[in-house]
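**Student:** The sequence shown maps to residues 10 to 201 in our numbering. Beta carbons: idealized from backbone N, C-alpha and C, even for Gly. Mind having a look at this structure? Questions to follow.
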Amino acid sequence: MPIIVFIRHGETDWNVEGRFQGQRDIPLNARGRGQARRNGLTLADIMPETKDFDFVASPLGRTRETMEIVRGAMGLDPSLYRQDPTLKEITFGQWEGFTGPELKALFPERVHEREADKWDFVPPGGESYAMLSMRIKGWLDGIDTDTVVVSHGGVCRVLRGLLLKLDPSVTPMLDVPQDKVFVWNGQAAGWI
């Protein structure tokens, strides 16, 4: 199994507001750009061998900007990376743009369903974590070289769940910081 270095996109204003972003194309804020820079500098310092890895990002703007900042901080050409639509965030469908409290006020029964089974719950017009996991498993099965990936919180959760063979009920609850880098070395995982 190749080494996988995972970076979540930097912070956006919707992250700060607690809005369901999903596949909406929300830009990074100033703090998010700083987080991306920090992650690039960390890789250059602690894992300089990553300069020779394959670099791939979700095609959403916040991930592309994060990747370009990361690569620039590593001293690499910011534009030399691939995009893969498989790495897009879980879609929350009609719930995108809302905060949790707003959804609870509008759709209390549906929010209760989601809280009871976050893994299998499908928001209106969206996808479940189980569906996202199938998408990401297909991507993971195709990885054949050491890779730096910039993607999203939901993607990182299911990727970690697959790599670490976690129970699906735990996976959607995993914390995914935006100012750290997740490294899977083929046998073990950790944050730097």
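Rounded to the nearest angstrom, what separates residue 14 and residue 130 at their Cα positions?
**Tutor:** Each residue's alpha carbon lies about 28 Å from the other.
**Student:** Check for me: the beta strand (DSSP E) holding residue 150 runs from which residue to which?
**Tutor:** Counting along the chain, residue 150 falls outside any beta strand (DSSP E), though it belongs to the alpha helix (DSSP H) covering 138–150.
**Student:** Taking the beta carbon of residue 69 as the centre, do at least 16 other beta carbons fall within 10 Å, making it buried, or is it exposed?
**Tutor:** Per the 10 Å Cβ criterion, buried.
**Student:** Quick one: what does DSSP say residue 91 is sitting in, helix, strand or coil?
**Tutor:** In the structure shown, residue 91 sits in a strand (DSSP, three-state: E or B).
**Student:** With a threshold of 8 Å, are at least 3 pairs of Cβ atoms found where one atom belongs to the segment 159–169 and the other to the segment 88–101?
**Tutor:** Judged by Cβ distances under 8 Å, the segment 159–169 makes contact with the segment 88–101, as three or more pairs qualify.
**Student:** Evaluate residue 44 with the Cβ neighbour count: other Cβ atoms within 10 Å of its Cβ, from every protein chain shown; 16 or more gives buried, anything less gives exposed.
**Tutor:** Result: buried.
**Student:** Looking at the strands, I want to know which residues DSSP matches up with residue 193.
**Tutor:** Bridge partners of residue 193: 13, 198.
**Student:** Excluding the five sequence neighbours on either side, which residues of its own chain have a C-beta within less than 6 Å of the C-beta of residue 170, listed in chain order?
**Tutor:** Correct list, in chain order: 180.
**Student:** Confirm, please, whether the CB-CB distance from residue 163 to residue 99 is below 9 Å.
**Tutor:** Yes, the Cβ-Cβ distance between residue 99 and residue 163 is below 9 Å.
**Student:** Where do the ends of the beta strand (DSSP E) carrying residue 63 lie?
**Tutor:** It spans 63–66 - the beta strand (DSSP E) in which residue 63 sits, taken as one unbroken run.
**Student:** Go ahead and pull the three-state DSSP assignment for residue 120.
**Tutor:** Residue 120 falls in the helix class under three-state DSSP.
**Student:** Are the segment 69–82 and the segment 101–113 touching by the rule of at least three beta carbon pairs closer than 8 Å?
**Tutor:** The segment 69–82 is not in contact with the segment 101–113.
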